[in-house]
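**Q**
In this note's numbering, the protein residues as written are 111 to 1323.
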C-alpha cells in the first residue's frame, strides 16, 4: 500500500467497504478505526478542498462511531481522568499509527456546550511517543487533530474536503505551506508601549516559568465579522465549529508553553455576525476594529463577563499589548486572513495576535515591525511571535508552533505581575515543574562548530520532556546573519525536540560541508547568550523550566579544524594505528584554555559517534588511534574539546577494511564509568581474532590502579572470547578521574594497550553541618541568612524551608543546586510563626540524606490602630496651602507593616491634593497624588497588599495601593511623631475643605522573649512489648516569662523507631503537638513494638506561645525488662462506667467493685488543662456537675489503688 500521495487535480470515486467496530480501551492496545484508501479512486464533484498539503496520507473513518468512542472519555481534571482515560489510535502521515490516552478538554463554557453538543474538544498524551501531545475536536465539519511531538514535525489530521466527515488527510506541518491571496499585516496597538526586556522583572518571571504550574483560565469573548462567518458556512453552528477547531489548537499550544487556557463565554453566539454590511466591524481595517470590538463586546457581553476579547475577520491582524483584564483594552485583539483556516491561520496568526494580548512582542530582527528588545531571532524569525514568510528575508514560510523563551518570559511577567494578573481563574493540578540546567559558560574559538547540552528532569514523566536552545541577542544586525556581526542573532530558533542538546550549526550542514543561511558561525570576537528551555508535555497542562548560559567567542583562537584523515578515498585496516591531526589554532591558551581533546569515530557518515578512539589527549594537534573492528565505507572522525563545547569533524568519509596481519583486538567497555565509592566495578572486554590468530592473551593492569584491586573471571583467554574483571574500590580512593591502562600480551603478536576511564566520586557527607539560623533561634524579623559549612565531596546543596517538620507539602521555599553555602531568600517570613529548615549535599552520585531540621521562630508582632486627636484640619480655598495632622505614638516596636485603614477629606477637586505620610524618622511616602477628577469627597484607605490601584471616584471607602509603597517604613520604630500632610498642588474651585479623619495601623515586632528551658529530660524505661507513661518525672519544661503551663507546647520532630507515641489513644506523628499539661495529666505514652533493639528516642522542641523557642532536644527511651511502669498498670478486672455519655448537666461515675483507699477524679480538656479535681474514700458511685462546661470533648482520669482508667466524656446540649 502506498501511503504518501501527492496532490492531484483529478479525483476518482472510491467505494468504501464497511469499517470494523470501534472500541475504547483503558489498557493494552486501542482498536484502529482508520482505513487507508486510494485517492485515485475518489471522484466527488464540486468538492471544496481548502487544505491541500504537498504530501499527505488519505484515510477514512466511521465518523459517528468514532464520536461515540470519544464521548466515553472522562472529563479533564475529574477523578476518572486519573485512571479511566480512553485510548484511541490516530493515523500518522508515514503510514504508521500511534496510540493516545484521551480526556475531554472542552473549550466551550458548559452552558454554551449544552446548546451545541455536536461540538466537543479533547486532549491526549502519546503512549507510543511519550513526547507527543494531541489536541483534537469533532464538530459539524468533521474530525480534526493536532499532534505536537519532540520526535517529528507537528502532525495534522483534517477532513479531506469541506463538508466531508468520512475522508481525512494526515500530514506533517512542514508539508503545508500557507498560500494567501492577501498579504497579512500585523500591528501592536500603540496603547501598549512595548516594554524593554531590561525593564521587566525577569527574575520573578523566570521563577514563574520555572514552574508555579498554575493553569490560568481566562474567559474568552470571541467575535467574528460577517465575512469570516460567510467563509465558514453562514450559520451559528458552522461558524462556532470553525472557531472551536482553531481555538482547540491555539489553546493546546498555550497550555503546553505558557500554562494559559481559555474558555469561550456562554453567549459567544451573540458575537457571531453574518452580514458584512450590517456587522459592527470594518473587516479590512484592523486598527479601527480594535475600538469597534471593545465597544461591541462590552455592549453585548458586559465588561464584567469576560477577561479577553478577540475578533476573527478576513483582513489583517493587530492587538493591544498586555490587554486581558484591562477594563478599556481587553477586547482589543483582531486576527484576519483571506483563508482563515488551518495551521497557518491558527498558529501563525491567531496564536500570534493573542500572544500580543498576553504580553509577547515581535521577535524578528528584520526591520519590519521590529521590537528592539526582543528581536532575538534572525531574519523574519520562525517562532509564533515572529513574521515567518511575510518579512523578507524569510527564514521559512510558516511559523513553528512554539513561543520563543523571550516571549514566554514577557507573558509570564504580564499574567503574574502585570495587567493580566487580576482576572484569571487558577486551576491547580498535581503536575510539578521540570528542571532545566544549561550548564557552565564557555569560551570558544571563532569559526568553529559547537554543541550545547542541557540537563533536564521531571518528577512525573522524564520521558515526555522536550526542549530547545535559543539565542537571546537582540542587537540590530545584518540579515541574513553574517559571521562578522559583533551583535545580534546568528542562529535561528528551532522547534522542540526530545534531545537536550543542539549542534550549531545543524549537524546535517556540517556533515555536508554546507554554510546554512540562518545558522552562521561567528568569525569575530563577541558574546552569545543562550537559553535552554524545557516543556513537560503533560496531559492536564504543561509546566516549563529554563536556564541561561553565555558562549564567548574569542578571536585569539580558531578555526579549530580536523586536518587528517580529511580527504576522500582513504581506507584503513582493522587494528591499524592511524594518526589523527588537527589545527590547534591557539585554543590551548587564554581565554579558551583547552588543554585536552577527545577523538571519536562515526561509521554512518558523521551523524553519530559511538566509538571513542582517544580520551583526554593533549591538545597538541596529533594523536595515534587504533581502528576498531567495525567495517564501513562511511567513517568520519570527530575531535572535540575536553570540558568545552567546540569541535570539528573530518570533511570526507573514509573506509575501514578487514585486517591482513595476524593478531588480536581488544575492546574495553564501557570506556567511561561513573563510580560512586565504595563500589565493586565490573569491566567488560571483548576480543577478536585477526587472520586466524589463536594464541592465548594475558591481561594485567599496568597504570591508573594497582593490579591487586582487579579480580579476573578468566585470565588468560583465547581471542574471540569475552572477559570480565572486577575492581574493588573503597572510600580510601579520592574523588577524581582515573585513566586505567589494561595491557594485553600474546606470543606472536604486538602488545596491546587499552585504556578506560573511571570517574570516581566519593560521597562522604558526614561533615555537613547547618550553621545559621541556629537551631532554636527566635525573634527573626522578616528575613534571614541561611548558611552551612562546605564539604569536600559535595558539588551542590539543596535547601528547604517549611512550616512543618514533615516538609513535603508544607515547604514554602526551596532552592536546589546551590553552589554557595549561603542563601538569603528574597521572601519575607510571616511573623509569629515557627519554621523549619534543612539541607542536603549532592554530587554526581546523587543526593545525600536530609540533615535533621533546625527550627526558628519569627518575631512576635502585634497590630494596633491609632487615630489623631487634632482633627478636623481645615484646608483654605485660596492659594496653595499645606496642612498637617500630627499623631504621637508612645509605645515602641519595630515596624513590619503599616496601613491606613481609612481617611476622609473634602476638597474640590480632590485631584488638586497630594497626601503624604511622614514617619518620626523623616521617611516620606506619597499616598495620593492628584488622582481622579473633579470629585469633592475623598473616602479611601491604603494598603500595599490591596489588589487595586486607585480608581475613581475615590469616595467608596475602598482600600487601594498607595502611590508609593508603605513598605518604606518597615524596620523603623513606631515610637514618635507621625505626620499626615495634605498639600494643595493646584488651586481648586475656591471653596475650603478639610482633612476630617484618618487612622494608622502598625504591625510592630515586640521585644524577644526568653526561651523556655528544659527542667527534666530523663530516660524513660519501658518493659519489652509493654508501655509506659511519659510523666513530669521524665519530661518537664518551664518558661521564665509565664507560669501558665498551657502555653508550653512540644512539637515532635522525629518519631521513635522501635515503638509508637500516643496522646491518650491517638498515635502521634511528626509535626504533632502536645502540651506540658498533657504530660502532667499522664496523657503521653510510649508503646514498644516488641523488637530486639534496646534503645529508642524521639526529637522534639518546645515553644511558649510568646515567641520563645527551645532548640531541638532528644528524649531517650530504654527497653528494660526490669522497668517499672510509672503509673499503676491497668488491671483487667477493674471496671469504670460513665453515664450518661454524652451528658448535659451531670455525669455519674460507677465503679464495678468496691475498692479500699482513696478514689481520685481529675477532669481535663483536650489541651490537658485540669478543670476539676475530686477525692473520696470507699465509694462506688460519684457525680460530677458539667453544666458549666462548654459543649465538647473532655477526659476523666480515675485513679485508685488498682490502677488508672481514662474515660472520654462528651458534653452536648
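Where is the CB? At the ideal position from N, CA and C, for every residue including glycine.
Going by alpha carbons, who is nearest to residue 332 out of 274, 383 and 366?
**A** 383
**Q** Between residue 1320 and the rest of its own chain, which residues show a CB-CB distance below 7 Å, the 5 nearest in sequence each way excluded?
**A** 1251, 1252 and 1303
**Q** So, at 7 Å on beta carbons, what are the nonlocal neighbours of residue 798 in its own chain, with the 5 sequence-adjacent residues on each side left out?
**A** 739, 774, 775, 829 and 830
**Q** Going by beta carbon distance, what residues of the same chain come within less than 8 Å of residue 1177, once the five residues before and after it are set aside?
**A** 1170 and 1171
**Q** Please name the residue in 760, 1087, 330 and 1027 whose C-alpha comes closest to that of residue 692.
**A** The shortest C-alpha to C-alpha distance from residue 692 to any of 760, 1087, 330 and 1027 is the one to 760.
**Q** Identify every residue that forms a DSSP beta bridge with residue 214.
**A** 185 and 232
**Q** Count the other CB atoms within 10 Å of the CB of residue 1322; is the residue buried (16 or more) or exposed (fewer)?
**A** exposed
**Q** Please classify residue 1206 as buried or exposed, where buried requires at least 16 neighbouring CB atoms within 10 angstroms.
**A** buried
**Q** Have a look at residue 870 and residue 785 and give me their C-alpha separation to the nearest angstrom.
**A** Roughly 5 Å between the two C-alpha positions.
**Q** If you count every other CB in all the chains shown that lies within 10 Å of the CB of residue 1186, and 16 or more means buried, which is it?
**A** buried
**Q** Under three-state DSSP, which class holds residue 1223?
**A** For residue 1223, the three-state secondary structure derived from DSSP is strand.
**Q** Between residue 363 and the rest of its own chain, which residues show a CB-CB distance below 8 Å, the 5 nearest in sequence each way excluded?
**A** 258, 457, 461, 494, 511, 512 and 513
**Q** With distances taken between CB atoms, is the gap from residue 1131 to residue 1147 smaller than 9 Å?
**A** no
**Q** In the DSSP assignment, the beta strand (DSSP E) including residue 984 goes from what residue to what residue?
**A** 983 to 985
**Q** In angstroms with no decimal places, state the Cα-to-Cα distance between residue 1260 and residue 1280.
**A** 21 Å
**Q** Start and end of the beta strand (DSSP E) containing residue 535?
**A** 535 to 538
**Q** Check whether the stretch 389 to 407 and the stretch 434 to 444 are in contact - that is, three or more C-beta pairs closer than 8 Å.
**A** Pairwise C-beta distances place the stretch 389 to 407 in contact with the stretch 434 to 444, as three or more of them are shorter than 8 Å.
**Q** For residue 964, which of 874, 1162, 995 and 1104 has the nearest alpha-carbon?
**A** It is 1162.
**Q** Out of 1191, 1190 and 1208, which one is the CA nearest neighbour of residue 1197?
**A** Considering only alpha carbons, the answer is 1208.
**Q** At the level of alpha carbons, what is the spacing between residue 566 and residue 578?
**A** Rounded to whole angstroms, residue 566 to residue 578 spans 11 Å at the Cα level.
**Q** Pull up the CB-CB distance for residue 350 and residue 379, whole angstroms please, since I reckon it's below 8 Å.
**A** 7 Å
**Q** With respect to the beta strand (DSSP E) encompassing residue 1123, which residues constitute its N-terminal and C-terminal limits?
**A** 1123 to 1127
**Q** Runs of 3 residues minimum, wholly inside the stretch 708 to 791: which ones carry the beta strand (DSSP E) assignment?
**A** 721 to 728, 732 to 736, 742 to 751, 757 to 759, 764 to 767, 773 to 779 and 782 to 787
**Q** With DSSP as the reference, identify every bridge partner of residue 562, one or two as the case may be.
**A** 612
**Q** Alpha carbon to alpha carbon, how far is residue 1263 from residue 1210?
**A** 41 Å
**Q** Based on the DSSP secondary-structure assignment, which residues constitute the bridge partners of residue 474?
**A** 487
**Q** So is residue 1081 buried or exposed if we call it buried at 16+ other beta carbons inside 10 Å?
**A** exposed
**Q** Consult DSSP for residue 1096 and reduce its assignment to one of helix, strand or coil.
**A** coil
**Q** Who are the Cβ neighbours of residue 1099 in its own chain at under 6 Å, not counting the five residues just before and after it?
**A** 1018
**Q** Pick out whichever of 850, 1274, 1308 and 769 has its Cα sitting closest to the Cα of residue 1290.
**A** 1308
**Q** What's the gap between the Cα of residue 592 and the Cα of residue 623?
**A** 18 Å
**Q** So, at 6 Å on beta carbons, what are the nonlocal neighbours of residue 975 in its own chain, with the 5 sequence-adjacent residues on each side left out?
**A** Sequence-distant Cβ neighbours of residue 975 in its own chain, meaning closer than 6 Å and more than five residues away, are 1109 and 1111.
**Q** Taking the CB atoms as reference points, tell me whether residue 1254 and residue 1201 lie closer together than 9 Å.
**A** no
**Q** Would you decide whether residue 434 is buried or exposed? Buried here means 16 or more other CB atoms lie within 10 Å of its CB.
**A** buried
**Q** So, under 8 Å CB-CB, residue 732 and residue 777 are touching, yes? Tell me the CB distance rounded to an integer number of Å.
**A** Their Cβ separation, rounded to whole angstroms, is 23 Å, which puts residue 732 and residue 777 out of contact at 8 Å.
**Q** What does residue 1317 pair with, by DSSP beta-bridge criteria?
**A** 1306
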